[in-house]
Structure formats: C-alpha cells, structure tokens
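What follows is the structure in structure tokens.
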C-alpha cells in the first residue's frame, strides 16, 4: 500500500533520538504540525509501542489487527483500508 501521498511529513525515531512508546517521539510529531494531542490520531500494530504510547498522551490510538491479536481494545482496525 502506497501511503506517502497521504502525509505531509514523517517522524523518524533515529532522527529524534527517541522511539515509541517514549513520549518524545509523539511530541515531536505533534510539534511539526502545531497539533494538540486531542487533534491527532496514531495508527500502529503494537499494543505497547503504538496504542499505549499514543494513549498515554491522549492521542486517539488505533490498533491494527495484524496477527489476530487475542486482546480487545477500544479502536481496533482489521487493516488500513477499513479507514476509508
């Protein structure tokens, strides 16, 4: 799936010096767009790194069900196409 056309920027952990679930990586991405956490979404496939990391900052988090996870969370997506 070609996603680059949907985004104006990406935030790379090696450039920031921080990786998910550390809050700095999320805060850096928010700052790039002058965006409050409540205005942002984060979509990922890791419960700890993506879903819990984003939720800790009050970013609306979505968890992709890549490997038929045995857990249930509020915002689960079977795939990215389901956003359409």
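Numbering (our numbering), first residue to last: -19 to 64.
Cβ atoms here follow ideal geometry from the backbone N, Cα and C, with glycine treated the same way.
First and last residue of the uninterrupted alpha helix (DSSP H) at residue i
| i | result |
| --- | --- |
| residue 6 | 3 to 12 |
| residue -6 | -7 to -4 |
Residues that DSSP places opposite residue i in a beta bridge
| i | result |
| --- | --- |
| residue 24 | 43 |
Spatial neighbours of residue i in its chain, beta-carbon cut-off 7 Å, leaving aside the 5 residues before and after
| i | result |
| --- | --- |
| residue 18 | 38 |
Other residues of its chain near residue i: CB distance less than 6 Å, five sequence neighbours each side excluded
| i | result |
| --- | --- |
| residue 33 | 0 and 1 |
CA-to-CA distance, residue j to residue i, given in whole angstroms
| i | j | result |
| --- | --- | --- |
| residue 45 | residue 22 | 14 Å |
| residue 40 | residue 55 | 9 Å |
| residue 58 | residue 42 | 10 Å |
| residue -7 | residue 47 | 24 Å |
| residue 15 | residue -14 | 17 Å |
Residues near residue i in its chain [Cβ-Cβ closer than 8 Å; skip 5 each side]
| i | result |
| --- | --- |
| residue 8 | -9, -4 and -2 |
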